[in-house]
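S.K.:
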Amino acid sequence: MAAQQVRGVIAPGKNQPVEVRTILVPDPGPGEAVVQVQACGVCHTDLHYKQGGISDEYPFLLGHEAAGIVESVGEGVTEVAPGDFVILNWRAVCGRCRACLRGRPWYCFDTHNAKQKMSLEDGTELSPALGIGAFADKTLVAAGQCTKVDPTVSPAVAGLLGCGVMAGIGAAINTGSVTRGDSVAVIGCGGVGDAAIAGAQLAGAARIIAVDIDDKKLATARTMGATHTVNSKETDPVEAIRELTGGFGADVVIEAVGRPETYKQAFYARDLAGTVVLVGVPTPDMKLELPLLDVFGRGGALKSSWYGDCLPSRDFPMLVDLHQQGRLDLAAFVTETIELGAVEQAFDRMHQGDVLRSVVVL
Numbered sequence: 023m024a025a026q027q028v029r030g031v032i033a034p035g036k037n038q039p040v041e042v043r044t045i046l047v048p049d050p051g052p053g054e055a056v057v058q059v060q061a062c063g064v065c066h067t068d069l070h071y072k073q074g075g076i077s078d079e080y081p082f083l084l085g086h087e088a089a090g091i092v093e094s095v096g097e098g099v100t101e102v103a104p105g106d107f108v109i110l111n112w113r114a115v116c117g118r119c120r121a122c123l124r125g126r127p128w129y130c131f132d133t134h135n136a137k138q139k140m141s142l143e144d145g146t147e148l149s150p151a152l153g154i155g156a157f158a159d160k161t162l163v164a165a166g167q168c169t170k171v172d173p174t175v176s177p178a179v180a181g182l183l184g185c186g187v188m189a190g191i192g193a194a195i196n197t198g199s200v201t202r203g204d205s206v207a208v209i210g211c212g213g214v215g216d217a218a219i220a221g222a223q224l225a226g227a228a229r230i231i232a233v234d235i236d237d238k239k240l241a242t243a244r245t246m247g248a249t250h251t252v253n254s255k256e257t258d259p260v261e262a263i264r265e266l267t268g269g270f271g272a273d274v275v276i277e278a279v280g281r282p283e284t285y286k287q288a289f290y291a292r293d294l295a296g297t298v299v300l301v302g303v304p305t306p307d308m309k310l311e312l313p314l315l316d317v318f319g320r321g322g323a324l325k326s327s328w329y330g331d332c333l334p335s336r337d338f339p340m341l342v343d344l345h346q347q348g349r350l351d352l353a354a355f356v357t358e359t360i361e362l363g364a365v366e367q368a369f370d371r372m373h374q375g376d377v378l379r380s381v382v383v384l
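The opening position of the sequence shown corresponds to residue 23 in this note's numbering, with each subsequent residue numbered one higher.
1) In the DSSP assignment, what residue or residues form a beta bridge with residue 58?
2) Helix or strand or just coil, what does DSSP make of residue 150?
3) At the level of alpha carbons, what is the spacing between residue 339 and residue 178?
4) Between which two residues does the alpha helix (DSSP H) carrying residue 67 extend?
5) Using the Cα positions of residue 84 and residue 378, report the straight-line distance between them to the nearest angstrom.
6) What is the DSSP secondary structure of residue 168, counted as helix, strand or coil?
7) How should residue 268 be labelled, buried or exposed, when 16 other C-beta atoms within 10 angstroms of its C-beta is the threshold for buried?
8) Using the C-alpha atoms, what's the distance from residue 201 back to residue 181?
9) Helix, strand or coil for residue 205, going by three-state DSSP, please let me know.
10) What are the start and end residues of the beta strand (DSSP E) that includes residue 44?
11) Could you give the DSSP three-state label for residue 270: helix, strand or coil?
12) With the cut-off set at 7 Å, would you say residue 299 and residue 276 are in Cβ contact?
13) Could you give the distance in angstroms between the alpha-carbon of residue 155 and the alpha-carbon of residue 215?
14) Suppose the cutoff is 7 Å on Cβ atoms and the five residues either side in sequence are ignored; what does the same chain contact list for residue 240 look like?
15) Taking residue 110 as part of the beta strand (DSSP E), name the residues at either end of that continuous run.
16) Would the stretch 53-70 and the stretch 80-96 be scored as touching if the rule is three or more Cβ pairs under 8 Å?
17) So, is residue 292 buried or exposed, given that buried needs 16 or more other C-beta atoms within 10 angstroms?
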């Protein structure tokens, strides 16, 4: 059978505007699936790809925060079938690496993607963002990248669990082990930070302190579950967090910015034996300097959260169910829905901090 021709948003070269082009999607081979994309969020990682911050394997097929319907599957695929409503993930666990074999599949060190490549009409192979490439009518993925969830949920909402919202909720619940009665501070209130706030609320945290330099973002953080807000432009956040926690510091501090300055704030704003979770993504040139005696003397844990340490098969259906019960407002993360041709403008709005998530609806 011939490959299908569909529309897709590609990044042709470093910092060049994105383009909507015709792309070729091959039929699924063994272990692969073709998914008809219904919605895909515009994530900061897509912008990193466009800017060359991830690799230089242009052209990229952008988009990875997606939900849709399985159209066809290749040989040997049993976990999903045509017609299934799925969220796409970039952690298709292998089941064989040392993390999987030790019963920690959320750390899988050998996640896999589709073997075949999608391409432009002239045969140029595309590099799909995070192995997904979902700013397209259809995309080819490894079947393990498809997680079946309740089909009655809105695709625009469900897709967000594919990346940013899962990263934030998981940073609080999975990595930070936030539990009932805890005090939690979240530094950086973009999409991931707000999701961490929502996750802390879901876990039963008693006090949730949102820290940002933008009052608009702090106002949004309150709607997501923050009980207190701190504008760190005007107030020393470490002092403010201590003051709001009886002078001690928070049990868990989640750093959702990814900068040395904010990481240090997180480090000193936690209680003795508290936990710091880094979920903000630093750049390769950043360095961190801390007195080793303080690292020792304060005890506790300094953790990094990859993808919210999520196991998609476990976490996506659970979070969709909580949303359907009205206990987790995922719709609050969708600022606007847009068409495939409006991705470049969505990047501009993201840059200005005007949106939590623009979602492409196909």
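Ideal Cβ placement from N, Cα and C applies to all residues, glycine included.
Please read all numbers here as calculations on a predicted model, not as lab measurements.
M.R.: Put simply:
1) 91, 160
2) Looking at residue 150 - three-state DSSP - the assignment turns out to be strand.
3) 15 Å
4) 66-73
5) 18 Å
6) strand
7) exposed
8) 26 Å
9) In the structure shown, residue 205 sits in a strand (DSSP, three-state: E or B).
10) Where residue 44 is concerned, the enclosing beta strand (DSSP E) stretches over 41-47.
11) coil
12) In this structure, residue 299 sits near residue 276, with a CB-CB distance shorter than 7 Å.
13) 24 Å
14) 211, 232, 234, 251, 253
15) 107-110
16) yes
17) buried
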